[in-house]
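Heads up, the thing below is written out as structure tokens.
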Amino acid sequence: MDEPTAALGPEETKNVGLLIKEVKRQGLGIFLISHDMYDVFELSDRITVMKSGGVVGSYPTRDLTQDALGMIILGRKPARFAAATA
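463 is the number of the first residue of the sequence shown in the numbering used here; add one for each residue after it.
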């Protein structure tokens, strides 16, 4: 799903989130592309950052903070991940 809530109001956005959670509960996977950090953290089990068609990094959502994700998006690895991949 590419930015499924970008043009929606609050109620419609909530409904899309509920639908994604229901599909997830049924055991199906979804690729969700979003710039909305709330959606990313609320709806995902894993976050993958891509740039120019390549994967920069992929992390379990529970292991990230919004600040750490921001650093990864900007091309800076947070210390806890830099050590793990060095």
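Glycine included, C-beta positions come from ideal geometry on N, C-alpha and C.
Quantities reported herein were computed from a predicted structural model and do not represent experimental measurements.
Runs of the beta strand (DSSP E) lying entirely within the region 485 to 535 and spanning at least 3 residues, in chain order: 508 to 513, 516 to 522. The C-beta distance from D464 to I495 rounds to 5 Å, short enough to meet the 8 Å contact threshold. Closest option to R524, judged by alpha-carbon separation, among D507, V517, K539: D507. Of the candidates L480, V511, G516, the residue whose Cα lies closest to the Cα of M533 is V511.
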